[in-house]
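Single-structure report; data block below.
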Amino acid sequence: MCRSIKTLFNFAPPASDAEVRAAALQFVRKLSGTSAPSKANEEVFNRAVEDITEVARRLMDSLVTTAPPRNRDMEAMKAKLRSAKRFAPR
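Here our numbering runs 22 ahead of the position in the sequence shown, where the first position is 1.
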């Protein structure tokens, strides 16, 4: 999975449309191998981002869980601690 795509499910507050679209954009960039499409591929690239955004939003709205929602700030803090531990000088 692309490292810059973040988990969006089961957070309070729920993922915004902008977050879902950003994940879709990263996914299309990863699949296409380019961060900016050529003029010839721009329409197809943008359509793919919109289609994946729609499907991702539908997925997010359909998933169910019995787990309590996660806190974004706590998850960010845990990620920073993992990163600091991983990249700490030895």
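Using N, Cα and C, we set each Cβ at its ideal position, and we do this for glycine too.
Nothing here was measured: the structure is a model prediction, and the numbers come from that model.
In terms of residues, what are the limits of the alpha helix (DSSP H) holding residue i?
i   : result
I74 : E64 to S84
R43 : D39 to S54
Any idea what DSSP makes of residue i, helix, strand or coil?
i    : result
A106 : helix
R94  : helix
A101 : helix
A34  : strand
T87  : coil
Going by CA-CA distance only, name the one from the options that's closest to residue i.
i   : options                : result
T75 : F33, S60, R104 and D39 : D39
P35 : R92, L81, A58 and R79  : R92
D83 : N32, P111 and A89      : N32
A37 : S60, R79 and T56       : R79
Just to confirm before moving on: does the CB-CB distance between residue i and residue j stay below 8 Å?
i   : j   : result
N66 : A46 : As written in the sequence, residue 66 is Val, which differs from the Asn given in the question. Against a cut-off of 8 Å, the Cβ pair of A46 and V66 comes out as no contact.
V42 : L53 : no
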